[in-house]
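Taken in order, these protein sequences are the chains called A and B. Counting from 910, one number per residue, gives the positions in the first sequence under our numbering. Counting from 61, one number per residue, gives the positions in the second sequence under our numbering. Every residue, glycine too, gets a C-beta built ideally from N, C-alpha and C. One structure below.
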Amino acid sequence: MKAALTSFISGIVFALGLGISGMTRPIKVIGFLDFFGNWDASLAFVMLGAIGVYFFASRLSRKMPAPILAPAFSIPKRTDLDARLIAGAALFGAGWGLAGFCPGPAITALASGAPAVAVFVGAMAAGICLHGWIMVSETFAEPRRGAIIEPATDA
Amino acid sequence: MHNFTPVASLIGGILIGSSAATMLLMNGKIAGISGIFAGLLKPVKGDTLWKSCFVAGLLAGGMLLRVLFPIAYEFGIVRPFGMLVVAGLLVGFGTRLGNGCTSGHGVCGIGRLSPRSLVATATFIATGATVVYFVNRILAGML
């Protein structure tokens, strides 16, 4: 299972990147979001490094008929902007600013053994389930003919 | 500006980007952590193995950080548990509603110049900054 091993190793490298960059430290994240206070611009360099590498990988992927270890690319194709996208991002940002953790660093930092991280990740899992239940009840309440079932994610 | 760490942050960012690039070029997948984590809670057939392996890798990398880079867990700010619960709920719910988080939208989405991800990233940075502003200025005395 080369693809599974690749995922595992990528997860390790991702976690090391999060740790080295400062993303696992709420003081760095909150410092970055504190534009009107004592602003810490470090996380802009995280984005610069990560987006810079990914930009070229993305261009390269467009010239490839398929990824090396899989039959096809699964890449989101939507380009429309909708209220859910913006409302979801707004809620996510509020939680990110409140705790100083986003999903990747929080899962990585579970390894620290700190109870605060476990509390955050537990609540995050509950938030994901809550979304699932609300979306399910909405589907039952008002079935839409021809509704497009979105793939789980852009991300 | 104190605590400014441009070099470590750039190196970390390059590692994050390289990991996400590997997932794209090798496996054809977007390294969006919120989607990967949600996929473990609500499994989608055919996607469970790679998602589990990626999360296992995050945890293994997290263990390595304890030894190689212990400063990664000097959190500096730890919010009270009640606030962390509210924050976690917002992050979990919001990332599902908006289809992504910092990695999926902020790195992979912007890296492929997706207009949805550009808008999402601008939005979550804006609301994050707004919340930090209010927490630091208004609630600071109460915490």
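Item                                                                                                                                                      : Value
Using a Cβ-Cβ cut-off of less than 7 Å, give me the residues of the stretch 102-134 of chain B that come near chain A, in sequence order.                 : 102, 104, 109, 110, 113, 114, 115, 116, 117, 118, 119, 120, 121, 122, 123, 124, 125, 126, 129, 132, 133, 134
For a contact meaning CB atoms closer than 9 Å, what does residue 198 of chain B contact in chain A?                                                      : Going along chain A, no residue has its Cβ under 9 Å from residue 198 of chain B, so there is no contact; the nearest lies around 12 Å.
Since residue 922 of chain A meets chain B, which of its residues come closer than 9 Å, beta carbon to beta carbon?                                       : 75, 76, 78, 79, 82, 117, 121
Tell whether a beta-carbon distance below 8 Å holds between residue 1012 of chain A and residue 94 of chain B.                                            : yes
Determine the direct distance from the alpha carbon of residue 962 of chain A to that of residue 131 of chain B, and round the result to whole angstroms. : 25 Å
Could you work out which residue in A:943, A:928, A:919, A:975 is closest to residue 1019 of chain A when comparing CA atoms only?                        : A:928
Under 8 Å between the Cβ atoms of residue 115 of chain B and residue 920 of chain A?                                                                      : yes
Specify the secondary structure class of residue 190 of chain B as computed by DSSP and reduced to three states.                                          : helix
May I have the straight-line CA-CA distance separating residue 113 of chain B from residue 978 of chain A, to the nearest angstrom?                       : 15 Å
In whole angstroms, what separates the C-alpha of residue 974 of chain A from that of residue 945 of chain A?                                             : 47 Å
For chain B, find out if any of its Cβ atoms is closer than 8 Å to the Cβ of residue 972 of chain A; answer yes or no.                                    : no
The alpha helix (DSSP H) spanning residue 110 of chain B covers which residue range?                                                                      : 108-128
Under a three-way DSSP split, which group does residue 63 of chain B fall into?                                                                           : coil
Within 8 Å, do at least three Cβ pairs link the stretch 984-1004 of chain A to the stretch 152-164 of chain B?                                            : yes
Touch check for the stretch 998-1006 of chain A and the stretch 184-194 of chain B: three-plus C-beta pairs under 8 Å?                                    : yes
Quick check: the Cα distance between residue 120 of chain B and residue 196 of chain B, rounded to an integer number of angstroms?                        : 34 Å
Identify the continuous alpha helix (DSSP H) that holds residue 1017 of chain A and give its terminal residues.                                           : 1012-1018
In whole angstroms, what is the alpha-carbon distance linking residue 1035 of chain A and residue 148 of chain B?                                         : 8 Å
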